[in-house]
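K.L.:
So for the sequence shown, my numbering puts the first residue at 1; every next one is plus one. For each residue, glycine too, the CB sits at the ideal point set by N, CA and C.
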Amino acid sequence: MPTIKESSDQKFPLVQVELNSGEKVYLCRCFKSKDMPFCDGSHKDVPGTGPALVRAK
1 MPTIKESSDQ
11 KFPLVQVELN
21 SGEKVYLCRC
31 FKSKDMPFCD
41 GSHKDVPGTG
51 PALVRAK
């Protein structure tokens, strides 16, 4: 299960997602997801902004 750490100490919020070996997540690139930073399929209304697949080795 991914671990999420958020920091608002900076001008732009930082979201750090930690994965265990072999885990994968789909990260939102359209900024419409209600489950940020993860993709929830909302990009279907925003052409060309599918999720980013991140996989831990």
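Which same chain residues, not among the five before or five after Gln-16, have their C-beta less than 6 Å away from its C-beta?
P.N.:
Counting from 1 along the sequence shown, the entry for residue 16 is found at position 16. Closer than 6 Å at Cβ, skipping near neighbours: Lys-5.
K.L.:
Would you mind listing the beta strand (DSSP E) stretches within the segment 2-47 that are 3+ residues and don't spill past its ends, in chain order?
P.N.:
3-7, 14-18 and 24-27
K.L.:
Verify whether the separation of the beta carbon atoms of His-43 and Pro-51 is less than 8 Å.
P.N.:
Your numbering for residue 43 matches position 43 in the sequence shown. Your numbering for residue 51 matches position 51 in the sequence shown. The answer is yes: Cβ separation under 8 Å.
K.L.:
Quick one: what's Ala-52 bridged to in DSSP?
P.N.:
Here residue 52 is taken as the residue at index 52 of the sequence shown, counted from 1. Paired residues: Leu-27.
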